[in-house]
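Q: Start counting the sequence shown at 2; every next residue gets the next number (the working numbering).
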Amino acid sequence: MTPRAPRAPTYGALLGAVIILLSTGLGTAQPAPPSATSAAGDALRARLRTYRQEHEAEVLRELRDLVALPNLARDAPGIAANAARLEEMLGRRGLQTRLLETADSPPAVYGHLVVPGATRTVVFYAHYDGQPVSPGDWSTPAWTPVLRSGTLEAGAPVVPWDRLATPIPGEHRLYGRSTSDDKGPIVAFLAALDAIKASGVQPSVNVKIFLEGEEEAGSPHLSAMLTAHRDLLRADLWIFGDGPVHQTRAPLVSFGVRGTIDVELTTYGPVRAVHSGHYGNWAPNPAVALVQLVASMRDDEGRMTINGVDRAVRPLSAGEQAAIAAQPPVDDAVAAALGLGRREQVRGTLADSLTVPALNLRGLRAGEVGERASNAIPTQAQASIDFRLVPDLTPALIRGLVEAHVRRRGYHIVSDPPDEATLRAHPRVVRLEWGPGYPGYRTSMDLPAARAVVAAVQQAVGGPVVQVPNMGGSLPLYLFADVLQSPVISVPIVNHDNNQHAANENLRLQNLWDGVEIYGVLLARLGPEWDRAEAGRTTPR
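(1) Cα-Cα, which of 245, 473, 438 and 492 is closest to residue 456?
(2) In angstroms with no decimal places, state the Cα-to-Cα distance between residue 171 and residue 331.
(3) Measure the alpha-carbon distance for residue 497 versus residue 266 and round it to whole angstroms.
(4) Quick check on DSSP: helix, strand or coil for residue 529?
(5) If distances are taken between C-alpha atoms only, which option among 371, 388 and 101 comes closest to residue 224?
(6) Apart from the five residues on each side of it in sequence, which residues of its chain come closer than 7 Å, Cβ to Cβ, to residue 95?
(7) Nearest CA to the CA of residue 74: which residue from 335, 129 and 203?
(8) With H, G and I counted as helix, E and B as strand and the rest as coil, what does DSSP make of residue 248?
(9) Determine, using beta carbons only, whether residue 421 and residue 272 come nearer to each other than 7 Å.
(10) Please state whether DSSP places residue 256 in a helix, a strand or coil.
(11) To the nearest angstrom, report how far apart residue 380 and residue 511 are at their CA atoms.
(12) Roughly how many angstroms lie between the CA atoms of residue 429 and residue 183, to the nearest whole one?
(13) Could you give the distance in angstroms between the alpha-carbon of residue 464 and the alpha-carbon of residue 145?
(14) What residues in its chain sit with their C-beta under 8 Å from that of residue 615, if we drop five residues either side in the sequence?
(15) Taking three-plus beta-carbon pairs below 8 Å as touching, is the segment 247-262 in contact with the segment 441-449?
(16) Leaving aside the five residues before and after residue 34 along the sequence, list all residues of the same chain whose C-beta is less than 7 Å from its C-beta, in chain order.
(17) Less than 7 Å between the C-beta atoms of residue 68 and residue 528, yes or no?
(18) Who are the Cβ neighbours of residue 516 in its own chain at under 6 Å, not counting the five residues just before and after it?
(19) Please state if the CB of residue 384 and the CB of residue 360 are separated by a distance shorter than 7 Å.
(20) By the 10 Å Cβ neighbour count, where 16 or more other Cβ atoms means buried, how is residue 501 classified, buried or exposed?
(21) Please work out which residues of its chain come closer than 6 Å, Cβ to Cβ, to residue 412, disregarding the five sequence neighbours upstream and downstream, and give them in chain order.
(22) Tell me whether residue 224 sits in a helix, a strand or coil according to DSSP, three-state version.
(23) Please list the segments of the beta strand (DSSP E) lying wholly inside the segment 91-134, counting only runs of 3 or more residues, in order along the chain.
(24) Excluding the five sequence neighbours on either side, which residues of its own chain have a C-beta within less than 6 Å of the C-beta of residue 255, listed in chain order?
(25) So residue 1 and residue 335 are in contact, right, with Cβ under 8 Å, and what is the actual spacing, rounded?
(26) Reducing DSSP to helix, strand and coil, say where residue 265 ends up.
(27) Pull up the distance between the alpha-carbon of residue 392 and that of residue 313, whole angstroms please.
(28) Is it right to say residue 28 is buried, meaning 16 or more other beta carbons lie within 10 angstroms of its own, or is it exposed?
(29) Take residue 203 and list the residues in its own chain whose beta-carbon comes closer than 6 Å to its own, dropping the five residues that flank it on each side.
(30) In terms of residue numbering, what span does the beta strand (DSSP E) encompassing residue 390 cover?
(31) For residue 491, which of helix, strand or coil comes out of DSSP?
(32) Hey, out of 98, 175, 109 and 150, whose CA is closest to residue 507's CA?
(33) So which of 77, 396, 55 and 301 has the shortest CA-CA distance to residue 475?
(34) Out of 533, 215 and 378, state which residue places its alpha-carbon closest to the alpha-carbon of residue 282.
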């Protein structure tokens, strides 16, 4: 989730091409050695799978009915209906429930399950609000869930709900807003609770659930909500269900995210547009000045050239570097799918590049082009930049470094539109308008909790998982560490080609089925794996 993010393109066809290329051998991972799994984990996984196979239609219909509820954060009645439905769903599983609110915030849905004998508490986080929709871009209405026998791009036909039969193929896809982001993970987690209960197993940790209702609106009340309910939400670990699995469809555990901050830059020329023939080479062109200023902050390979940025970045640990090196390679496949003739070389691979800061020029505006172009020097030019931040490059620090860089380029910085006196008094004037932003976050991969999560997920899937020091996108995970002093680890389950934030969002059902097993084994095995990690034992219990 990123503040003030532009609408995303449709990714289904693109990332489907990635899968095709990967399946033909381009970017195929080297075979990984088999991971040791406990006999208990194997047996539990089998029982969970049996339960899931017997209840696929029930799980899918619960998700269908939840997706059918419109869930825009600004739609208070719609959000209230979603919260009421979710509270009922949690209560049906025996959780103690509450709706948490602060001034002017939509409700967060909270549930708590106390497990006799459990000594640790884990909170599962997801959000139930969704991105706005442009109805004309959708093949079917966003809040009318539609099941297809494959992808829309492949022309897969609709599967009528009254003809649903089990087993339901894993390549079927459910289309609708928030199927993947995040109603699918919510239903998978609740189905996992059902599955382990039916298997005669109880969670190995106390379970809390926190479902946010305004994540897609930028989480403006999250800090206040966490602070107001600090004691209620305190836990040993937060597990996030947000985000996709690896591009190869491999299961993934992520230990952090990049932070973000954005800035709007405006440079100024003459106070009225002037003839480029009569005044060119004499009156400064603000568009040229702006592109030169932006280019001075970033080299041709994408590396930020602002003094002090590199020194502020926390080096990766040996374990984090090893995790990056072990990730399945996807660079060739992604480049082919994107039609790229070259790649920026900030770091050696795409995975490695996501662990460093980034400057993205996301928009430019100056004069006109095409049939509307005129031979004139414009009065001003604007650029919009978003920065992706990593520990320990904070929003305040990058702002200070950028402003120092701009001043060294000879600019006088203003925060409001300058008057003519200011423009006459300074050779170069730039207006900088900063967004709020937040820092990046990483949980140490060496923590016992981190090792326990990886071990439990490996048992759930029967083999190794992709471990990511941080994902490339941004979420305010730092709040959970700062306010609640709890580490955060992400265990996403949804398909990478889900059209998140775009039209025709979808969930591949095999990811839903896998999610039930992953979350079920995680709930049952996290406690003993945590004990073993803390004790330094290396043999299965």
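Backbone N, C-alpha and C fix where the C-beta goes; we use that ideal spot for every residue, glycine too. Nothing here was measured: the structure is a model prediction, and the numbers come from that model.
A: A quick look at the data gives this:
(1) Between residue 456 and the set 245, 473, 438 and 492, the nearest pair of CA atoms involves 492.
(2) Put simply, the backbone Cα of residue 171 is about 23 Å away from that of residue 331.
(3) Cα to Cα, the separation comes out at about 33 Å.
(4) Reduced to three states, the DSSP call for residue 529 is helix.
(5) It is 101 whose Cα lies nearest to the Cα of residue 224.
(6) Contacts found: 114.
(7) Selected option, being the one with the closest Cα: 129.
(8) Under the three-state reduction of DSSP output, residue 248 falls in the coil class, being neither helix nor strand.
(9) Result yes, Cβ atoms of residue 421 and residue 272 sit closer than 7 Å.
(10) Note: residue 256 maps to coil in three-state DSSP.
(11) Here the C-alpha atom of residue 380 lies approximately 55 Å from the C-alpha atom of residue 511.
(12) The alpha-carbon atoms of residue 429 and residue 183 are separated by roughly 47 Å.
(13) In this structure, the alpha-carbon of residue 464 lies about 37 Å from that of residue 145.
(14) The structure shown has nothing for residue 615, since the chain only spans 2 to 542.
(15) Cβ pair count under 8 Å is three or more, so yes.
(16) For residue 34, the predicted model reports a pLDDT of 41, less than 50, meaning its position is unreliable; a value from the coordinates is still stated below. No residues qualify anywhere along the chain.
(17) No; because the gap between Cβ atoms is not below 7 Å, this pair is not in contact.
(18) Within the same chain, Cβ atoms closer than 6 Å to the Cβ of residue 516 are found at 189 and 494, the five residues on either side in sequence being excluded.
(19) No.
(20) Counting C-beta atoms within 10 angstroms of its own C-beta, residue 501 has 16 or more neighbours from the protein chains shown and is therefore classed as buried.
(21) Once the five neighbours on either side are set aside, the close Cβ partners of residue 412 are 429 and 431.
(22) Residue 224 falls in the helix class under three-state DSSP.
(23) Correct list: 97-101, 109-114 and 122-128.
(24) Listed in chain order, the non-local C-beta contacts of residue 255 below 6 Å within the same chain comprise 469, 472 and 491, local neighbours out to five positions each way being set aside.
(25) This structure leaves residue 1 out entirely; the chain is present only between 2 and 542.
(26) Residue state, collapsed to three classes: strand.
(27) A direct Cα-Cα distance of roughly 8 Å separates residue 392 from residue 313.
(28) At residue 28 the pLDDT is 34, less than 50, meaning the model places this residue with poor confidence; the figure from the coordinates comes in the next sentence. Buried is the call here.
(29) For residue 203, where only same-chain residues beyond five positions count, the Cβ hits under 6 Å are 116.
(30) Start and end: 381-390.
(31) Of the three classes helix, strand and coil, the one that applies to residue 491 here is strand, per DSSP.
(32) Comparing C-alpha distances from residue 507 to each of 98, 175, 109 and 150 shows the shortest one belongs to 175.
(33) 396 is the residue among 77, 396, 55 and 301 whose C-alpha sits nearest the C-alpha of residue 475.
(34) Cα-wise, what sits closest to residue 282 is 378.
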